[in-house]
Each structure stands twice: as structure tokens, then as C-alpha cells.
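In the working numbering, the protein residues as written are 1 to 389.
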């Protein structure tokens with residue numbers, strides 16, 4: 001049975017709604033009048049119920065909605081007549097949008113309680129969002145606050161899934177934070193797709209692991225000499241692709257390369273501070289495309305989340321950590337960089353995984369082989385150089 005929706009798409013929609021709700025929820029007149037000094041810590045928290053209300057609005061308005069809220073005057077202790085406009089717009093694939101829009105709208109929200117609670121917890125805790133909420137609420141200027149779910153629409157141009165842009169007095173504030181790359185359980189944050197050796201090798205070249213002449217010659221001999229029609233070979237089903245001799249040969253060659261030059265070079269380089277800085281910048285570039293202010297946020301199944309904002313603290317933490325490198329014995333060849341003395345999985349920084357897949361060309365009744373070299377995050381990526389805030 002075909003999947004009715006993608007949880008990552010739904011998570012993007014829910015988090016967009018939660019962020020918009022955080023900007024909508026403003027300090028009560030009573031609290032404003034009672035407190036002598038108002039700080040970020042006095043901002044009202046939002047509830048999962050409020051997020052659901054905003055989510056319902058967005059869905060009922062064709063996945064976009066607008067709200068007007070009034071500023072608070074900290075000096076006069078009153079609700080100002082100055083009004084901010086909040087605009088939220090989310091673009092997600094049709095299968096997911098159709099599923100979450102089922103009538104009556106809200107009837108399927110219970111299936112996503114975990115994601116709703118996680119999104120609520122995240123926006124209540126995230127310091128960058130709180131700073132933006134505080135400034136726009138008390139600056140006594142008309143602000144346009146735009147929350148855009150763009151992950152599906154712009155996935156080739158950016159790593160950002162949700163943008164938070166603020167325009168004050170006709171001028172957009174520079175994007176320094178709260179541009180969110182959202183992951184729902186999936187660890188992948190970069191990939192190279194293709195059967196050719198170059199597609200496999202170019203993942204490692206930014207780390208200084210290059211000059212694959214011998215490996216490429218052996219790869220081509222084992223794959224293209226033996227299976228000359230591999231690039232266009234048609235299969236009747238996805239299962240036929242996954243169990244094919246061609247896929248087994250591709251994995252075998254990838255495993256040899258992982259266990260050979262790549263493993264040797266990584267183990268040789270991993271003790272060097274300059275290489276560890278290169279590794280840290282590699283992680284940042286793959287996760288953010290070096291776009292300013294991107295937060296890598298991962299929603300976990302149990303309703304909690306992890307976050308990494310990168311920057312100098314992350315680089316310094318990577319440089320001060322001792323790492324080991326190993327190849328995991330699995331169906332998909334995998335090479336892991338992890339903290340020395342820790343668990344290969346529990347203290348993993350990143351891993352490189354070579355995975356077989358199948359693709360069905362649009363309008364066709366056959367499948368082709370699709371190989372991916374994935375860069376995947378581990379728990380350590382989200383903890384090095386991260387404050388508890």
C-alpha cells in the first residue's frame with residue numbers, strides 16, 4: 001500500500017504553525033502592568049492547543065494565513081495601537097497536504113501529537129526565536145513577520161526548510177538566525193546520487209581525500225566491464241533491483257574502497273587539528289550550504305529534539321575532541337567517525353553510507369538502479385559546541 005503522507009512534510013507544516021503561534025502570543029495587559037521589568041523570560045509560553053488552532057487556520061486557508069497583533073508599550077505599560085502583521089505560508093507535497101486536510105480539518109491531528117508537542121517545546125525554548133518575538137513585540141514599530149515553509153519548493157537551492165524573515169520600517173532584517181533545516185528522525189543531510197565512480201568519490205574530496213586513479217580503474221572494471229548495460233538496465237520491480245547482481249557488485253566495490261584508501265587516510269588525518277577543522281567546516285557546509293543563520297534541528301520520535309547552530313564553538317569543539325574511524329559491517333557499506341572511547345553509534349559525529357535504491361521514471365513501468373552516497377549525522381553532531389539553551 002502506498003504511503004499516504006510523509007512525516008517530514010507534516011513536521012515542517014507543524015513547526016511553521018508553532019513559530020507563527022509564538023509570534024502571535026503576546027504578553028497580557030495584566031502581566032504588562034504588574035511586572036516592573038519585562039525580560040525575555042517573561043514571554044508567555046504557547047501550548048500545543050494553540051499550535052493546533054493556528055495549524056487549523058493555515059490548512060483552512062489553503063496553507064497560508066495572516067494575523068494582526070498589537071505591540072506592547074513597556075514604558076506606558078499598555079497595549080499599543082501599533083500593529084504587527086504575521087504571515088505564514090507553507091508548501092508541502094500534495095499527498096501530505098491532502099492527508100492533513102481531511103475533513104473535518106483537525107480530525108487527523110491526533111496522529112501527530114508527538115510532532116506537535118516537539119514543535120511546541122522547540123519554539124518555547126529556542127533563544128533565537130524568543131529574541132525575535134521579544135524585539136517585534138516591544139519595539140513600537142510596524143513589523144512584517146513572515147514564516148515560510150520552503151523545504152519542498154526550494155530544496156535544490158537551499159538547505160533551509162523554514163524561513164523566519166522580519167521587515168521593519170520597509171527594511172528586511174538581515175538573516176542571522178532562525179532559518180531552520182528540519183529533520184524528522186532521518187539522519188541524512190547530504191548525498192551524492194549516481195552509479196559512476198565520480199559520484200561516489202566526490203563526497204570525500206572536500207576532506208582532502210582524492211586521487212582515486214587505482215580505485216576508479218578497479219571500480220570500472222568490476223562494474224562497467226562486467227555489466228556494460230548497468231546505467232540503463234530495466235527491472236520489473238523494486239525488489240528485482242535490490243536483489244540484483246549489479247547492486248551486489250556495486251556494494252562490494254564500495255566496501256573495498258571504504259576499507260582501503262578512505263579508511264587509511266581518515267585514520268591518518270583524524271588526529272590533525274587542521275583536518276578536524278576541515279571536518280567541522282565540511283559538516284557545516286553540507287548541513288547549511290554556508291547560508292547565514294541556519295539551525296539544523298532534528299525532531300526525535302519521543303517528542304524531543306536536537307539542535308546545532310554551528311559557528312566557531314562547534315569548530316573549536318570538534319578540534320578538541322579525539323576521534324576514531326571504523327567501517328561498519330552492514331548491508332550498506334558504512335564508514336563512521338566517532339568519539340574515541342565512545343560508542344560507534346551513540347558517539348557518532350557523522351557517517352558515510354553507500355545505499356542502493358530504485359527509481360521509476362515518470363510514466364514508465366520499469367525501475368532503474370539508483371545508488372546514493374549519503375552523509376548522515378550522529379548524536380555528537382548535535383552536542384558539540386551547543387549550549388543547553
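Glycine included, each C-beta is placed from N, C-alpha and C at the ideal position.
Since we're looking at a predicted model, the values are computed, not measured.
If you drop the 5 nearest sequence neighbours on each side, which residues of the same chain put their C-beta closer than 6 Å to that of residue i?
i           : result
residue 119 : 14, 15, 18
According to DSSP, is residue i part of a helix, a strand, or is it coil?
i           : result
residue 149 : strand
residue 211 : coil
residue 103 : coil
residue 288 : helix
residue 312 : helix
residue 227 : coil
residue 195 : coil
residue 87  : strand
residue 377 : strand
residue 301 : coil
residue 123 : helix
residue 164 : strand
residue 143 : strand
residue 68  : strand
residue 306 : strand
residue 1   : Bear in mind that the predicted position of residue 1 carries a pLDDT of just 43, short of 50, making it unreliable; the figure below should be weighed with that in mind. Here residue 1 sits in coil by DSSP.
residue 203 : coil
residue 190 : strand
residue 130 : helix
residue 273 : helix
residue 384 : coil
Excluding five sequence neighbours on each side, which residues of the same chain lie with their C-beta closer than 8 Å to the C-beta of residue i?
i           : result
residue 1   : At residue 1 the pLDDT is 43, less than 50, meaning the model places this residue with poor confidence; the figure from the coordinates comes in the next sentence. So the list is empty, once near-sequence residues are dropped.
residue 282 : 206, 207
residue 258 : 327, 333, 334, 335, 352, 354
residue 192 : 199, 200, 202, 203, 372, 373
residue 64  : 58, 87, 88, 89, 90
residue 121 : 303, 304, 305
residue 277 : 315, 318, 319
residue 344 : 326, 328, 336, 338
residue 232 : 368
residue 117 : 48, 303
residue 382 : 296, 298, 306, 307, 308
Using the beta-carbon count (16 or more within 10 Å), is residue i buried or exposed?
i           : result
residue 362 : exposed
residue 247 : buried
residue 272 : exposed
residue 340 : exposed
residue 7   : buried
residue 26  : buried
residue 93  : exposed
residue 104 : exposed
residue 411 : Nothing can be reported for residue 411: it is not among the residues displayed for the chain, which extend from 1 to 389.
residue 83  : exposed
residue 229 : exposed
residue 181 : buried
residue 279 : buried
residue 221 : exposed
residue 151 : buried
residue 185 : exposed
residue 102 : exposed
residue 226 : exposed
residue 364 : exposed
residue 252 : exposed
residue 376 : buried
Suppose the cutoff is 7 Å on Cβ atoms and the five residues either side in sequence are ignored; what does the same chain contact list for residue i look like?
i           : result
residue 133 : 22, 23, 43
residue 73  : 80, 140
residue 262 : 204, 209, 335
residue 4   : 95, 99
Among the candidates the options, whose CA atom is the shortest distance from the CA of residue i?
i           : options            : result
residue 234 : 380, 47, 366       : 366
residue 123 : 106, 34, 48        : 48
residue 287 : 161, 211, 240, 262 : 161
residue 291 : 159, 216, 169, 270 : 159
residue 321 : 274, 303, 289, 331 : 274
residue 187 : 299, 97, 5         : 299
residue 77  : 196, 307, 243, 35  : 35
residue 219 : 254, 166, 53       : 254
residue 379 : 330, 307, 364      : 307
residue 75  : 189, 32, 237       : 32
residue 45  : 70, 237, 28        : 28
Just to confirm, are residue i and residue j a CB contact at a threshold of 8 Å?
i           : j           : result
residue 323 : residue 384 : no
residue 349 : residue 358 : no
residue 301 : residue 85  : no
residue 10  : residue 138 : no
residue 172 : residue 356 : no
residue 146 : residue 165 : yes
residue 106 : residue 12  : no
Is there a Cβ of chain C sitting closer than 8 Å to that of residue i, yes or no?
i          : result
residue 14 : Judged by its chain identifiers, the structure shown contains no chain C, having just a single protein chain.
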